[in-house]
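The structure under discussion appears below in the form of structure tokens.
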Amino acid sequence: MAAKITESQSEQFAVELLVKQGCQFIYGPDIAPDSETPGATAV
């Protein structure tokens with residue numbers, strides 16, 4: 000039987016790959032419109 004890859008594993012792999020390429024990872028709720036540090040003020 001083939002190994003199964005979960006959504007979480009796929010997401011973690013993608014995040015690690017992008018960070019290695021120089022992208023900055025920011026946790027979504029930290030930049031939500033209603034947070035203390037919103038990522039955008041208008042949509």
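Sequential numbering of the sequence shown, starting at 0, is according to numbering that gives the first Met the number 0.
C-beta atoms are modelled at their ideal positions from N, C-alpha and C, and glycine is treated no differently.
None of these values were measured; they are calculated from a predicted model.
Check E35 in the structure and name its three-state DSSP category. Walking along the sequence shown from the start, residue 35 turns up at place 36. In the structure shown, E35 sits in coil (DSSP, three-state: anything other than H, G, I, E or B).
For A31, which residues from the same chain have a beta carbon less than 8 Å from its beta carbon, with the 5 sequence-adjacent residues on both sides left out? As a working note, residue 31 is residue 32 in the sequence shown. Same-chain partners within the cutoff: P37, G38.
May I ask you to report which of helix, strand or coil DSSP gives G21? Locating residue 21 in the sequence shown gives position 22, where the first residue counts as 1. The answer is coil: DSSP assigns G21 none of H, G, I, E or B.
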